Structures are given as structure tokens and as C-alpha cells.
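Every letter in the sequence shown is one number past the one before it in my numbering, and letter 93, counting from 1, is 93. The beta-carbon is built from N, C-alpha and C at its ideal position, and this holds for glycine as well. Just so we're clear, the structure is a prediction, and the values are computed from it rather than from any experiment. Working notes for the structure below.
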Amino acid sequence: MDPKLTIRRANVDDVDTIFRLTAQMADRKLMLARSKYKIITMLPSYFVVEVEGEVVASGSCSVLWTDMAEICALAVHDEWQGKGVGKALVDAIIAEGKRLKLPKLITLTYQIEFFKKMGFQIGNKDSFPRKLWRECLECPKLEACDETAMFLDIGDQ
Ligand SMILES: CC(C)(COP(=O)(O)OP(=O)(O)OC[C@H]1O[C@@H](n2cnc3c(N)ncnc32)[C@H](O)[C@@H]1OP(=O)(O)O)[C@@H](O)C(=O)NCCC(=O)NCCS
């Protein structure tokens, strides 16, 4: 990652930027939109990447149950894509998952090749109990989900 970039946990000053970043990606149908309410109540799960005081990327580690967390709302500003920022965010979320002693990270995504590079494997949506798909229940697609479920084992081997 570019040495000018720093990765840190989000705080309330980041809410508007996270909202704008995710809304922009949602407009392009790359992810679900998040309300400010949702971002604020999930704020402790968010990480941001900052360059010279400006937030250029965000993503969250949403704990679903004792056996897994979900990588959600991963969004890198257009000008910063392809520079290792997304990888840095995923690495931070993996480290957070390990700190929490979670055995598995999952994601629902259109970015299959990116997550493969991060070590994720394609999984079967049905093997993740529906009740755990908290965000899915809020998604208008629900039964018609066209994203790919992917997972990464992060527990002690
Ligand atoms: C997907 C996204 C998070 C990736 O972040 P990024 O900062 O552009 O990716 P990085 O530069 O960290 O890439 C890491 C590796 O993945 C590869 N990669 C990134 N995006 C890729 C893609 N779409 N297809 C194939 N490979 C990709 C890079 O080439 C790099 O490979 P390398 O390590 O061999 O050089 C970012 O492009 C983004 O925000 N996209 C729009 C929103 C979105 O789709 N979010 C995902 C929601 S689940």
C-alpha cells in the first residue's frame, strides 16, 4: 500500500464520507445502499483508509454469530482503486476477525477475482444459515440474490 495511506477504525467524523462512498457504489449496483442510521449503528465495525486527512475507502467487519463475520460495504474511491487499498482493508478485517477469535469470514460479492486474490473460496449460500444473513433480509433481491458467496477460514488450523 502507498506509504501515504493509513488504515484506522472509523469514527463519527467519517459517517458522511462512508455514506457517500457506499451510496456511489450502490448507485452502480455494486452493493446494497446503507442508510446513515445503519452506518452509525454499525460504526464500531468499520475501518477507513485515509490519505492526507481524506478518507478514500471504507469497509466493515460485521460479526454475524460466534462462528463468522461478514465483510461488508467494501468501497474504494475510484481514484484509489488498483493501488492495494482494498487489500489493506481486507487484511485489517482479517486481523480483526482473528482478534475476535472468529473461525471464518464470509462475503457476498460480485468481485470474485478480487476476493480470490485475498484467499477466499467460493461457497454455497445455503451452507450459511439464512438467519445469519442479516443484510440479506433487508435486500430487495433476497430470494433472487445474484451475488456470489465466498469464505475464508481464519481460525487456527
Ligand atoms: C473491489 C475493490 C474493493 C478492490 O479494491 P482495490 O483497492 O481496487 O484492489 P487492490 O488494489 O487492493 O487489489 C488487490 C489485488 O486484487 C486484484 N483486483 C482488484 N480488483 C479486481 C477485479 N475487479 N478483478 C480482478 N482482480 C482484481 C488486483 O489486481 C490486486 O492483485 P495483485 O495483488 O496481484 O496485484 C474496489 O475496486 C471497489 O471498491 N470496487 C467498487 C465497489 C465494490 O465492488 N466493492 C465490493 C463489494 S463486495
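Return the chain-ordered list of same chain residues with a C-beta closer than 6 Å to the C-beta of residue i, the five sequence neighbours on each side being excluded.
i, result
"Met-118", "Val-90"
"Gly-155", "Pro-103"
In terms of residues, what are the limits of the beta strand (DSSP E) holding residue i?
i, result
"Ala-23", "Element bounds for Ala-23: not the beta strand (DSSP E) but the alpha helix (DSSP H), 15-27."
"Arg-232", "Outside the displayed range of the chain (1 to 157) lies residue 232, so it cannot be described from this structure."
"Ile-106", "104-109"
"Phe-114", "Element bounds for Phe-114: not the beta strand (DSSP E) but the alpha helix (DSSP H), 112-117."
"Val-48", "46-51"
"Asp-153", "148-153"
"Trp-80", "Trp-80 -> no beta strand (DSSP E), and no H or E assigned at all."
"Gly-59", "54-65"
Rounding to the nearest angstrom, what Cα-Cα distance links residue i and residue j in this structure?
i, j, result
"Tyr-110", "Ala-73", "12 Å"
"Trp-80", "Asp-126", "34 Å"
"Ala-10", "Ala-144", "32 Å"
"Ile-40", "Leu-32", "16 Å"
"Lys-83", "Lys-4", "12 Å"
"Asp-146", "Lys-101", "30 Å"
"Met-78", "Ser-60", "The residue you asked about is not Met; residue 78 is Asp in the sequence shown. The straight-line gap from Cα to Cα measures roughly 18 Å."
"Gln-121", "Thr-148", "10 Å"
"Arg-99", "Ile-7", "17 Å"
"Lys-131", "Pro-140", "Unreliable placement is indicated for Lys-131, whose pLDDT of 48 sits below 50; no coordinate value is reported for it."
"Thr-66", "Phe-128", "13 Å"
"Ala-69", "Val-12", "22 Å"
"Ser-35", "Thr-22", "9 Å"
"Asp-27", "Val-76", "14 Å"
"Leu-64", "Glu-138", "15 Å"
In the DSSP assignment, find the unbroken alpha helix (DSSP H) run with residue i in it and report its ends.
i, result
"Tyr-37", "36-41"
"Val-85", "85-99"
Give me, in chain order, the residues of the same chain whose beta-carbon lies closer than 7 Å to that of residue i; leave out the 5 immediate sequence neighbours on both sides.
i, result
"Ile-71", "Gly-59, Cys-61, Val-90, Ile-93, Leu-105 and Thr-107"
* By C-beta, the residues closer than 5 Å to any heavy atom of ligand 1, given in chain order -> Ordered along the chain, the selected set is Met-25, Leu-30, Met-31, Leu-74, Ala-75, Val-76, Gln-81, Gly-82, Gly-84, Val-85, Gly-86, Lys-87, Thr-109, Gln-111, Glu-113, Phe-114 and Lys-117.
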